[in-house]
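These notes concern the structure reproduced below.
Here it is in structure tokens:
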């Protein structure tokens, strides 16, 4: 096992460069942000030479003397090459950049730091690039020996995909499943379809697609919008630095724009506006007034977002059973782009935006360095996967046990409920029986009373009849006696 104490990931971009580091802890990756004249986590990829091309500074230091920029690795041919020896620009940039890196992790010997440099995917001569870049890094003082082993290259897409995969693994991405990485950068949007293999290995299963519709295109359209408002003559008088400041102002607008009109606040640009200082000050006829309306911003951003959405849709149609879409990159922070992607694809796949995704290249480069620095990492990952499967199976058993226990508890509750109901019903039945018996007893008493009354009635009736008959006999006798008496007299 290599005795590394730190991993350094370096991204040398076309317009901006940056680096990150970790002291062998994948959960603690630090992004360097303390630049003298940079913005956030990155610094412009620009060299400034003196007239003899000897003394050099990097970044933007306020002067325009002999700048060298857009020299992405200088591994191939480029138009308008600067009057420099082959490799001098990259060596000088490495040297100045390396000074900042060394100051940042000064308590670690650089021989014990593994450097992982990201290179563009369109570099078809990666092996040659490795030896060339290692030579440049040695000449720049980043490496102690020409054949030092603490230097590695990785492609930008692999670094990003590794970081996205780590995040998606936390959201149940499984071996054999595919996901699409949508890297929305400043200049270009890249799409890569990746397949997860065993031991967290990744495979690119379709050709990487790229289109020139990054966030900078929106900035350029905003400058055209301003030019239409203030005129070409004034626009030509604005310095390059001021143009960059204007684009920075629009940068926050384009990222916060949601496409919902009620959430947008119109911005007024006039001669009293605080941003006026960004424009040409020596114009005597400097009265101007215009507004940046909702429809203006939508007209600038919508075509770019629509192209990205169409590109993702076409790629998704070619990818069967895709697990997720991972949205990364600086322009990937656009709320409008996020809403459109979510609205279009969330019913088909998981739409994810990993945390800190604008630094996905750096974090992925550090993670790849950590994987290389630990040769037992694959075995550890395998053990972790087996442990995760065992834990998932254990959790499944617990879930089933909890489910059965819940059903048993429910059945017990139902049983108690029915037993109580049966007891209530039995008591009700007993009450009915008692009431029935009581009713029968009462009816029997009524019957006995009726029989007694009937007997008394019959007796009285008989006695009455007897008395009637007796009275009739007496009456007849009286009548006879009367008749006898009448006959005598």
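Residue numbers (UniProt numbering): 1 to 489. Even for Gly, the Cβ is constructed at its ideal location relative to N, Cα and C. Note that the structure is a prediction, hence the values are computed from the model and not measured.
| Segments of 3+ residues assigned as beta strand (DSSP E) that fall wholly inside the segment 304-339 | 322-328
| said: On the DSSP letters alone, give me the boundaries of the beta strand (DSSP E) that residue 194 sits inside. | reply: 189-196
| request: Starting from the C-beta of residue 183, find all residues in its chain whose C-beta is less than 6 angstroms away, skip the five residues before and the five after it, and write them out in chain order. | output: 160, 190, 328, 329
| task | Quickly, what does DSSP pair residue 117 with across the bridge? List them, please. | result | 10, 153
| By the 10 Å Cβ neighbour count, where 16 or more other Cβ atoms means buried, how is residue 193 classified, buried or exposed? | buried
| query | How far does the beta strand (DSSP E) with residue 91 in it reach, from first residue to last? | reply | Per DSSP, residue 91 belongs to no beta strand (DSSP E); it is in the alpha helix (DSSP H), 88-104.
| query | In terms of residue numbering, what span does the alpha helix (DSSP H) encompassing residue 4 cover? | reply | Taken as a continuous stretch (DSSP letters only), residue 4 belongs to no alpha helix (DSSP H), as it is neither H nor E.
| task | On a CA-only basis, which of 467, 171, 36 is nearest residue 99? Give me that one, please. | result | 36
| task | Closer than 7 angstroms by C-beta to residue 23: which residues in its own chain qualify, once you throw out the five before and the five after it? Chain order, please. | result | 5, 6
| said: Quick check on residue 266: buried or exposed, where buried means 16 or more other Cβ atoms within 10 Å of its Cβ? | reply: exposed
| query | In three-state terms, what does DSSP make of residue 213? | reply | coil
| request: Return the bridge partner residues of residue 394 from the DSSP annotation. | output: Beta-bridge pairing links residue 394 to no other residue.
| In chain order, what residues of the same chain lie with their CB nearer than 6 angstroms to the CB of residue 10, ignoring the 5 residues before and after it? | 19, 117
| Nonlocal neighbours in the same chain, by C-beta distance under 8 angstroms from residue 345, ignoring five residues either side | 312, 313, 316, 325, 351
| said: I'd like the span of the beta strand (DSSP E) that includes residue 289, first residue to last. | reply: 289-292
| field | Whole-angstrom C-beta distance between residue 214 and residue 259, which should lie under 8 angstroms | value | Contact flag wrong, Cβ pair sits at about 19 angstroms.
| Using a Cβ-Cβ distance under 8 angstroms, would residue 231 count as near chain D? | The chain labelled as chain D is not found in the depicted structure, where only one protein chain is given.
| request: State the Cα-Cα distance for the pair residue 162 and residue 407, rounded to the nearest angstrom. | output: 43 angstroms
| Proximity to residue 102 [Cα-Cα], best of 140, 235, 349 | 140
| query | Which one of 370, 367, 177, 303 has the shortest CA to CA distance from residue 337? | reply | 303
| query | Less than 8 angstroms separating the beta-carbons of residue 153 and residue 176? | reply | no
| field | Beta-carbon proximity check, residue 223 vs residue 243, cutoff 8 angstroms | value | yes
| message | Between which two residues does the alpha helix (DSSP H) holding residue 361 run? | response | 360-373
| query | Under three-state DSSP, which class holds residue 23? | reply | coil
| said: At the level of alpha carbons, what is the spacing between residue 295 and residue 341? | reply: 20 angstroms
| Based on the DSSP output, what are the partners of residue 204 in its beta bridges? | 194
| request: Run the CB neighbour count on residue 405, radius 10 Å, all protein chains shown included, and call it buried at 16 or more, exposed below. | output: exposed
| Using DSSP with H/G/I as helix, E/B as strand and the rest coil, what is residue 33? | coil
| task | Assuming residue 156 and residue 146 form a contact by the criterion Cβ under 8 angstroms, report the distance between their Cβ atoms to the nearest whole angstrom. | result | Actually they are not in contact, since the Cβ atoms of residue 156 and residue 146 sit about 26 angstroms apart, beyond 8 angstroms.
| field | Classification of residue 473 by the beta-carbon crowding that lies within 10 angstroms, buried from 16 upward | value | exposed
| request: Starting from residue 450, follow its DSSP beta bridges and name the residues at the other end. | output: BP columns for residue 450 are empty, so no partner.
| Residue from 218, 356, 231 with nearest C-alpha to residue 247 | 218
| Considering only residues of the same chain and omitting the five flanking positions on each side of residue 96, which have a CB-CB separation below 6 angstroms? | 58
| message | Measuring only the C-alpha atoms, how far is residue 468 from residue 444? | response | 35 angstroms
| task | Would you list the one or two residues that DSSP bridges to residue 352? | result | 326
| request: Sort 198, 367, 305 by Cα distance to residue 158 and report the nearest one. | output: 367
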